[in-house]
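Below you'll find the structure, written out as structure tokens, and then a few comments.
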Amino acid sequence: MNENIMKIASKDVISIPPSKSIKDTAKVMMEHQFRRLPVTDPGSGKVLGIVTVMDILDFFGGGNKFNIIEKKYQDNFLAAINEPVREIMSRDVICLSEKASTKEVVDVMLSNQIGALPLVDADDNLAGIVTERDIALSLAGEMDDRTAQDYMSTKVFTTTPGTPIEGACKIMVRNGLRRIPIVGGEADISKAAKKLLGIVTSTDIIRFLNAKELFDNLNSNAASKVLETKLSDIMVKDAIIVEPEDTIGEICEIFKISNIGGVPVVKDNVVIGIITERDILRAVKNL
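So for the sequence shown, UniProt numbering puts the first residue at 1; every next one is plus one.
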């Protein structure tokens, strides 16, 4: 925990200028499979902000950033997605020194509920970035004395296959979720419990919109139609799951092999919890 964070941080960081369009920012994210991008000054290299997949979902109708489309552009979707990313990025970015320890990073991430920290050198220029996933993957195969049921979140937000993409965006943004289990049908143990049918993540949604070439070719009416697509059309049906007794080390190994950041915790085919990289950080903090 006291080792230098740069041992596990990404050093070749892809950043974008604040003038880059929202459309092109989403494309860069999907091309490199990133959930976030630092926004830097092209001249100085200093960090000006950070933009995440959740900011893109917010923009698409999940939250307040949808006002850019709805009010500033009177629902003209194509005009809005060419706005510079500075319009939706987070400006109050917490950065840490490249000399910070893993413990310092974990403490800052948990106390501020953030999933990534830009790391800067002595001149405040971007030197790297570290994410919850980096920390979780560094623990793969370790921490075999702690289990999913010790750290999972038991308050699980779920939805059904018939929910439209726009509705899923709202659920994610309002509750700070990057993934939602898709459920349906009554389970035997409780009429209120639902069986797991699949899962959808914020990245799944952005990837689908990219595949539909939403950013390039669709008019505003067609964009609205695409956002009405049901989750049953894009959800991962063979969702990777863990059981309550699986260890944190085993779960980190699953994250590493499958390149995912969270899984439903399932018992008798019913979702009883969800465990994510954030929960792994809580386990790390207690080491």
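Even glycine gets a Cβ: it sits at the ideal position worked out from N, Cα and C.
Would you tell me roughly how many angstroms separate the C-alpha atoms of D188 and G167, rounded to the nearest one?
Caution is warranted here: a pLDDT of 48 is assigned to D188, below 50, making its placement in the model unreliable, and no coordinate value can be reported.
Can you give the Cα-Cα distance for I257 and G162, rounded to whole angstroms?
30 Å
Between the C-alpha atoms of K191 and G184, what's the straight-line distance to the nearest angstrom?
With a pLDDT of only 43 at K191, under the threshold of 50, the placement of this residue in the model should not be trusted, and no figure is reported.
Suppose the cutoff is 6 Å on Cβ atoms and the five residues either side in sequence are ignored; what does the same chain contact list for I272 look like?
V265
Going by DSSP in three states, I88 sits in which element: helix, strand or coil?
coil
Using 10 angstroms around the beta-carbon of S19, count the other beta-carbons present and answer buried if the total reaches 16, otherwise exposed.
exposed
Compute the Euclidean distance between the alpha carbons of G45 and P17, then round it to the nearest angstrom.
9 Å
Who are T40's beta bridge partners in DSSP?
V47
Based on Cα-Cα distance, which residue from D238, V236, S202 and S15 lies nearest to F60?
S202
Rounding to the nearest angstrom, what Cα-Cα distance links K170 and N269 in this structure?
26 Å
Could I get the ranges of all uninterrupted alpha helix (DSSP H) runs contained in the UniProt domain "CBS" (89–146), with 4 residues as the minimum, in chain order?
102–112 and 132–137
With DSSP as the reference, label R207 as helix, strand or coil.
helix
What do you get for R35, buried or exposed, if any count of 16 or more other CB atoms within 10 angstroms of its CB means buried?
buried
Pick from Q149, E104, M29 and V120: whose alpha carbon is nearest that of I135?
E104
Residues of its chain near I5, where Cβ-Cβ distance is below 6 Å and the 5 sequence neighbours each way are ignored
A100, T102, V105 and V130
Quick check: I182 and L227, are their CB atoms within less than 7 Å of each other?
no
Quick one: what's got a C-beta closer than 8 Å to Q149's C-beta in the same chain, skipping five residues either side?
P244, E245, V265 and G273
Taking a contact to mean a Cβ-Cβ separation below 7 Å, would you say K65 touches I88 in this structure?
yes
The beta strand (DSSP E) with G273 in it runs from where to where?
V270 to T276
Taking V263 as part of the beta strand (DSSP E), name the residues at either end of that continuous run.
G262 to K267
One question on the structure: do L126 and V13 come within less than 7 Å of each other, judged by their Cβ atoms?
yes
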